[in-house]
Structures are given as structure tokens and as C-alpha cells.
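Undergrad:
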Amino acid sequence: MAKADAHNKSSDFDFTLLPDYDCDFIQEEALDAFAEALAVPELSPSQDDLTSPGPGQSSSLFITALNDWRPVRQRVRRRTKKALARGRDETREGFVYGLLKWPLLLGIFGWIVFLGISYGFTRLYIFLYEHWWTWRGRRNRLRGDLRASKSYEEWIRHAEALDIYLGNDKWKREDEYAYYDSKTIRKVVSQMSKYRKQAEEEETYPALNGDSGGQRAIDELRGLVEASVKNNFSGFENPRLYSETYYGTKDLVQKFVEEVEASLQLLNRTQQLSTEDKRSLFKHLHTNYGRSALCLSGGATFAYYHFGIAKALIDADLLPDVITGTSGGALVAALLGTRTNEELKRLLVPALANRITACHESTLTWLRRWWRTGARFDNVDWARRCSWFTRGSMTFREAYERTGRILNVSCVPSDPHSPTILANYLTSPDCVIWSAVLASAAVPGILNPVVLMKKTKSGKLEPYSFGHKWKDGSLRTDIPIKSLNLHFNVNFSVVSQVNPHINLFFFSSRGTVGRPVTHRRGRGWRGGFLGSATEQYLKLDLTKWLKVLRHLELLPRPLGQDWSEIWLQRFSGTITIWPKCMPSDFWYILSDPTPIRLARMIHVGQMAAWPKLKFTSNRMRIEQLIEQGRRANRPTWAPDNGLAAVLSEDDLAALLRDARGIDGSVDSSTASSVAGSEADEEELRRQPGSPYASSKFSLSGWWSGTRTPAGDAASESLHDEARQSVYKRSGSFLRRGSVMDEIERQSSVFFDDYISDVEASENGHVLKNGGSDNMGSSGEQSNGEVERKEG
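Mapping of the sequence shown onto my numbering: residues -1 to 789, in sequence order.
1) Counting only the same chain and skipping the five closest in sequence on each side, list residues whose C-beta sits under 7 Å from that of Thr14.
2) Cutting at 8 Å between CB atoms, please list the residues of its own chain near Asp10, excluding the five before and the five after it.
3) On the DSSP letters alone, give me the boundaries of the alpha helix (DSSP H) that Pro593 sits inside.
4) Taking the alpha-carbon positions, what's the Asn406 to Ile573 distance?
5) What did DSSP end up calling Glu460 once you bin it into helix, strand or coil?
6) Quick check on DSSP: helix, strand or coil for Met190?
7) With the cut-off set at 8 Å, would you say Ser295 and Ser472 are in Cβ contact?
8) Pick helix, strand or coil for Phe93, following the three-state DSSP scheme.
9) Reducing DSSP to helix, strand and coil, say where Pro17 ends up.
10) Less than 8 Å between the CB atoms is what I'm expecting for Phe280 and Ala332, so what's the real figure, rounded?
11) Determine the contact status of Tyr303 and Gly603, defining contact as a CB-CB distance below 8 Å.
12) Starting from Met410, trace the beta strand (DSSP E) both ways and give me its first and last residue.
13) Return yes when the Cβ of Pro581 is within less than 8 Å of the Cβ of Tyr244, no when it is not.
14) According to DSSP, Thr510 sits in a beta bridge with which residue or residues?
15) In the DSSP assignment, find the unbroken alpha helix (DSSP H) run with Lys480 in it and report its ends.
16) From Gln263 to Leu482, what distance separates their C-alpha atoms?
17) Which residues bound the beta strand (DSSP E) around Cys293?
18) Rounding to the nearest angstrom, what Cα-Cα distance links Val664 and Phe490 in this structure?
19) Roughly how many whole angstroms lie between the Cα atoms of Ala314 and Phe32?
20) Would you say the region 255 to 269 touches the region 190 to 198, given that touching needs at least three Cβ pairs under 8 Å?
21) Whose C-alpha, out of Val227, Gly571 and Ser261, is nearest the C-alpha of Ile216?
22) Just how far apart, CA to CA, sit Gly327 and Leu362?
23) Grouping DSSP H, G and I as helix and E and B as strand, with all else coil, what is Val227?
24) In chain order, what residues of the same chain have a beta carbon less than 6 Å from the beta carbon of His485, not counting five sequence neighbours either side?
25) Using a Cβ-Cβ cut-off of 6 Å (strictly less than) and excluding sequence neighbours within five positions of Pro414, which residues of its own chain qualify?
26) So what does DSSP say about Ile444, is it helix, strand or coil?
27) Tell me whether Trp576 is buried or exposed, calling it buried when 16 or more other Cβ atoms sit within 10 Å of its Cβ.
28) Can you tell me whether DSSP reads Phe23 as helix, strand or coil?
29) Take Ile624 and list the residues in its own chain whose beta-carbon comes closer than 8 Å to its own, dropping the five residues that flank it on each side.
30) Excluding the 5 residues flanking Thr869 on each side, which residues of the same chain have their C-beta closer than 7 Å to its C-beta?
31) With burial defined as no fewer than 16 other Cβ atoms inside 10 Å of the residue's Cβ, what is the status of Gln495: buried or exposed?
32) Looking at the ligand ATP, does it come within less than 7 Å of Pro411, judged from the CB to the closest heavy atom?
33) If you draw a straight line from the alpha carbon of Tyr150 to that of Arg134, how long is it in whole angstroms?
34) Pull up the distance between the alpha-carbon of Asn446 and that of Pro39, whole angstroms please.
35) Go to Gly323, then tell me how far its alpha helix (DSSP H) extends in each direction, as first and last residue.
36) What are the partner residues of Trp133, as DSSP defines its beta bridges?
The structure is reproduced here in C-alpha cells:
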């Protein structure tokens, strides 16, 4: 056994075993286009025309006139750093503002320093209180065994032993608890178990169906599941339910999760419900229950702790489909979003350090560049080294089609008043991932703002968003919870937070998931009530004065950046994981990790994620079953190249209508560019006059019979009009000629799964003018029955 462990350990340090270790995925044409886009000055159109020398003019000749009374040949000043400062029109400064600005700033800053020192002493007192008062004797030995765990199974054994010693096992057996509705949960578990067993008997013995003359048990079970499988139903997903023990939660809550799991499996496989009923059921469950997301924060080289957290989730098969990253976390998110699970299991090892070479240059080179450009690193060099993590110039849409995961990267515009963007396959499908990763990591003074790049149909790279410059996303939107909820109906977030300036202020006075309070056998407040109360007061007072500085606009803008949001934005989620860093991490904050250091960071990240896995598992088990039900009950069709996870029946119907309206052909390249909401064949067949009403006709057969194979020359013959019609059809209808038809179209928004009228003609089935405005992306849902919103 020891020899096997030694062999596995040595193999984790062998970089030749990494997938694609010998392929750099570097495209010189893409890097040249990126360098050319970076060289374009950020000037207004009029300035661009004036400063660009025309034919026959030397670059030193500059001719301009402000008006008819000003000289033509005058000296033009270059743009200086003062252009980055706050303008007078932003605050309309007056005499009193100018007089009191600096005294107020210095006074408030001095008070913040005093509060910070007091907060440090308070945390020191709480640490000493817990260390000398609570962590003693057998409890301390059990905690030492817990921290020495080498695997998740070993960690569970030690966590359960610690719970038994603290008496938490008795707490699990008691149903009553103030933070959830135990009576409702108990009643639902009883009724759900009763209906499920009756439905299983009726499934085994079909003769029992309908004998009683009443409603079938499967229908009762379906209604009960629809009513109870919702986000945080009766508080069963309250984090406090997992904050009283080191492992697990109330037995009643665990029974509810297991009963819901068994009921969903039965509803998915039963023959007593039609495909339409199942499709409608799982669609509503997906809307009500929502989705989960893994959010990776920024934090320079502290972001390498994310590798361990991702490894723990992948090993437990709990990695969410929605992943977002910011700054340093964007690099890790890009790796997770462009690789399959099998590749990630081989990549998340210490040997990965051989591929992290962003800080390869000498200190002298850094100083020269910083003096010349104001940045420590070179943009093009970072793009070259980032290409391996993103598999070359892969776009967000291409990454989604390859892995089925939804990659998101937060980017902040260089203009302090422009809105941020969350780049993903909906808002910016053709944006190149490595350019978004660089933009999200462009901290002022470390990396200059960069230009986002997009990939054209021909494969060439061009500037995205008019060539505007973007920079570090963690300065304003480190954890984009609101945007994730808007685009993908995310209401459960697993946040891996490693920002060092935030990590110092994280403190859970009543315990957190998988880490209960150590005082009084897991009850009470950390450091006693006075210690926790003092900590909360000082932290809230610090936040108040930071908000005062922001709202009064007293803070200067070093390096042209508004730093007011660096402490005031949201940094946590439903589950927040805080890997325990070391003092040496601050020394190596801008250094590449060695395999030994990366091995430690991966293990620390795993240990930080293990206490959260039980809560995440109970959530993901239900979510994954709902997703399986949605996919299993789609109409039967089998496209290749991974498109089954992207296209729905609505997409195929829309493509068929577009193709027949143009030249009667369609190809898979256009199909893969569309992501749509769910509508099945039965819904189409019920439409009067629909060509799908015939049982002999199915979209599945059309797809398999007419789809052009990948790489075939015929796939290039599709007209550009067909592609453009697919891209432009979201949220738009073609106007009809009849007033009554227009009224019918306007009123259709009140009905679910609206499909435009289809009429038959002598030569085939022709669609009337008008279309479905329900085109979405892979069944993503945001509000009500709306499947998705176009970016």
C-alpha cells in the first residue's frame, strides 16, 4: 500500500502525464492581431484623424485650429496622467468641498486606521480564547486528527468522531430547530414516501391503476414534488442546518433529500406519465429549484488554492455546470470551462505548476517595463502563456459546446462610470476566452488594460466592443451573483474566496458550514458574546466609514482607478470557502508556484472544501436529477459533436423553418450557434395545421436525414442570410399583414410555449411570417417561464 501511494505521489509530479503537455495552442496570427489592437490609441475619432499624418506628411507635422481666431501651428500637449483624474463635472466641486476635502479624508482615514488596529487586537483575543480555553484535551486531539486527514473518506470518519464527542449526533436526531419548518418537512416526507410506494406498486402491477376510481398515486406524487422541490423549501437549505456539526445535518432534512431523490428517479423512469407530462414537470422543477454556480474570486497567486477546491468537487462529482472567475480565479475557471472531467482529473495535480510561467522574467526586466509602460507584465506575453489554459483562441461558445459548462468571466471597463460585463456564451459568445482572462486580471500597475478580442466566422481575431480597454474585474464585481441569477437562474452559489484583503476580515461568530462554534460544545458565540459583539461592531463601523468616503467622493484615484469598491462589494455566497493561507503566500504573491508549493495549496484547498461537500451534495443530487429528467424527456434525436447538450427541439424547429424559407438546407455549424428554450414534439403536433401533426414526421428524423456531416464541403454552401436570421430571431417577430393576426401575436405573450401558426401548402410546409420569440440557450431560465435572455 505504501509503495502504491509513493507511486501515485511521484506520478502527480510528472508533467509529461498532463493532457496536452506538449501542445502550446499558440496561434501567432491571433497574438499579432492582439498586439495590433493594443497599439491603437484610446482617442476620440476627431483626435485620431488629426494626429494621424496623411500621405506625404511627416509624423512630426501637426496642423490644427480650435477656431478661426486661433493660430494653425500651435503646440499640442500630449495626454498625461492628469486626464485620468476625476473631472470637475463629476462632483462639481465648490469652495467648501476644496476646503474640507483633505481634512475630512485625513480625519476619516485616521479613524479607520484606529478601528483596524482595534479589530486586529479583538481577533487576537478571540484566537487566544479559543486556543487556550476550548481546544484542550481530547477535543484538541480529535481536531488534530481531522486536520491530518489525507482523503475525504478519512476526513468524514474524524469529523463524525468529533461530532459524537461534542454531542452533535443527538442534535441530528432531534427534528425541531428554529431555522427551518420541521413540521412541514416531516409531513412532506411522510406523504411523499406514501405516494411513492403506492406508485411503485401500481408500476409493478398495472391492474391496480384506476381500480379505486380516484386519482392515481403517481399524479399525487407529481403534484407533491412540484409543490415541495423549490429553492430552500421550508428552510431545508438554510446554511445554519449545516453549521451545528462538522459533518451532516438533521436526520429529518437528510430523509427529505433522499425521499425527493427517490421520487424524482421514479417520476423520470415511470411509464404512467407521458413524455409531455414529464417534460412539463421537470421544466417547472428546473425553474423553481434554480441552478448552482461555482464562483472563483481574484487574489493573484492566492487563486491557486482554487485548484484544490475544484479537485474536491470533481472527485465527488459535484462540480456545477455554471462557473465564474475573476482576475486570478478567471484563469482557473478557464481551465475548468475548457476541459472535460476526465482531463481535469489528470490536470489538477502538482505537475500543473510546470505550465504556470507568467512570472518567468527577471526583476530587472520588470523594473524597466514598469518605468517605461507603468505595468509590471507584458500583455502579449501573458496572452501567449494563457493560451494553454484556454486551449488556444477558444471562444465562450466553443467552450460551452465542448464541455457543456457555462464559463463566465467578469471584466471592468477602463472608464470608471461604464457598466461591467459578465462575458459568457450568451452575452459575448464569440469573445476569445484568453482575452477576457487577461482583461479580468489587468490590475492597474501590474498589467495595463487590454482589448477584448472576438473570433470572426473565418477564424480571424478582431477587437471586441469597438476596441475599448478592460481591466481587473475584482475591483468592482468579484462575485457576480446578480448577473448569474439574471442569465442562468443561479440561486445557490459556492464561492471560493481567496482575496487576501478580504480573508483577514472573514469571521463567522455563530459558526459556518462544517465548522461549528467550539465554545460550550459547539454552542454559543466564538470568543464569548462580548468578543463576537466587539468584532461585529468594529467591522460594521469600518464599513460605514468606507461608505462615507465613497459617497462623498473623497478618495483620490491612484493609477486612474476608482478603488472605493475594493472592500464594499459582495464577497460571499450561499456557501463560502476560505482556504487557510500562510504568511509566505504574501511573499510569493507575484511568483510562479513550484510543484511542492502547488501540492500544498491543492491539499489545503481540498481540506477547505471537504466540510462543505455534504451541503453541496444534498443540493447537487436534486439538481442533477432534475437536469437528467429534462434531458431524458426531450424528443428522441441524436446529433453528433456534443450538440445534444446545446440544442433543443425548438432550435431544430426554428432552423427547419429558416432553411425552408431560404433554400431548403441547413448545416450543423449554424445549428451549433443557436441555443434555445425547451419545447417538445408533442407541443408542436397539437398546433392546428402544423406540419408536425403527422406521426410520420419528426424533427429527429429530419435532423439525422438532412444534417450535413462535420467538415463536408456542403456545409459551407449555406447562405449568410440563413445564419443571420438565426442570430437575429431572438425577441423579434416579423410583422403580419392582418390586424387580427397582429392582435393574436401581441396576446400570445400570455401563453406558454407559443409556436407561430404554420400552414401547409401544395409543395410542402411553409411557415407564415412570424416566429417564436422564445429562442433561448439550452433551456437556461431566468424569470418565470422565460428560458433565457440574449446578451
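Here a beta-carbon is modelled for each residue, glycine too, at the ideal position from N, C-alpha and C.
Note that this is a predicted model, so its numbers are computed, not measured.
TA: Taking the geometry as given:
1) Result list for Thr14: empty, nothing under 7 Å.
2) Only Val347, Pro348, Ala349 and Ala597 meet the Cβ criterion.
3) Its alpha helix (DSSP H) spans residues Pro593 to Ala607.
4) Per the coordinates, the alpha-carbon of Asn406 lies some 19 Å from the alpha-carbon of Ile573.
5) Residue state for Glu460 is assigned as strand, using DSSP reduced to three classes.
6) Met190: helix per DSSP, three-state reduction.
7) Contact check for Ser295 against Ser472 passes: the beta carbons are separated by less than 8 Å.
8) Residue state, collapsed to three classes: helix.
9) The answer is coil: DSSP assigns Pro17 none of H, G, I, E or B.
10) About 31 Å separates the CB atoms of Phe280 and Ala332; that is not less than 8 Å, and the two are not in contact.
11) Going by C-beta atoms, Tyr303 is nearer than 8 Å to Gly603.
12) Per the sequence shown, the amino acid found at residue 410 is Val instead of Met. Counting along the chain, the beta strand (DSSP E) containing Val410 begins and ends at Ile404 to Pro411.
13) Against a cut-off of 8 Å, the Cβ pair of Pro581 and Tyr244 comes out as no contact.
14) Arg513, per the DSSP bridge assignment.
15) Run containing Lys480: Ile479 to Phe486, per the alpha helix (DSSP H) assignment.
16) C-alpha separation (whole angstroms): 28 Å.
17) Per DSSP, Cys293 belongs to the beta strand (DSSP E) from Arg289 to Leu294.
18) In this predicted model, Val664 has a pLDDT of only 45, less than 50, meaning its place in the structure is not dependable enough to derive any value.
19) The C-alpha of Phe32 is placed about 39 Å away from the C-alpha of Ala314.
20) Yes, the region 255 to 269 is in contact with the region 190 to 198.
21) Ile216 has its Cα closest to that of Ser261, out of Val227, Gly571 and Ser261.
22) Roughly 28 Å separates the two Cα atoms.
23) In the three-state reduction of the DSSP assignment, Val227 falls in the coil class.
24) In chain order, Leu424 place their CB closer than 6 Å to the CB of His485, counting only its own chain and leaving out the 5 sequence neighbours on each side.
25) Here the set comprises Asp560.
26) Ile444: coil per DSSP, three-state reduction.
27) Trp576 should be labelled buried.
28) In the three-state DSSP reduction, Phe23 falls in the coil class, being neither helix nor strand.
29) Closer than 8 Å at the Cβ level, and outside the excluded window around Ile624, lie Val227, Leu262, Phe280, Leu283, His284 and Tyr287.
30) An answer regarding residue 869 cannot be provided, because it is not within the stretch -1 to 789 covered by the chain.
31) The residue is buried, with at least 16 neighbouring Cβ atoms inside 10 Å.
32) Looking for the ligand ATP in the displayed structure turns up nothing, as the structure carries no ligands at all.
33) Within the model, the alpha-carbon separation for Tyr150 versus Arg134 is close to 25 Å.
34) So the two alpha carbons sit approximately 13 Å from each other.
35) Not the alpha helix (DSSP H): Gly323 falls in the beta strand (DSSP E), residues Val320 to Gly323.
36) Looking at the DSSP assignment, Trp133 forms no beta bridge with any residue, so it has no partner.
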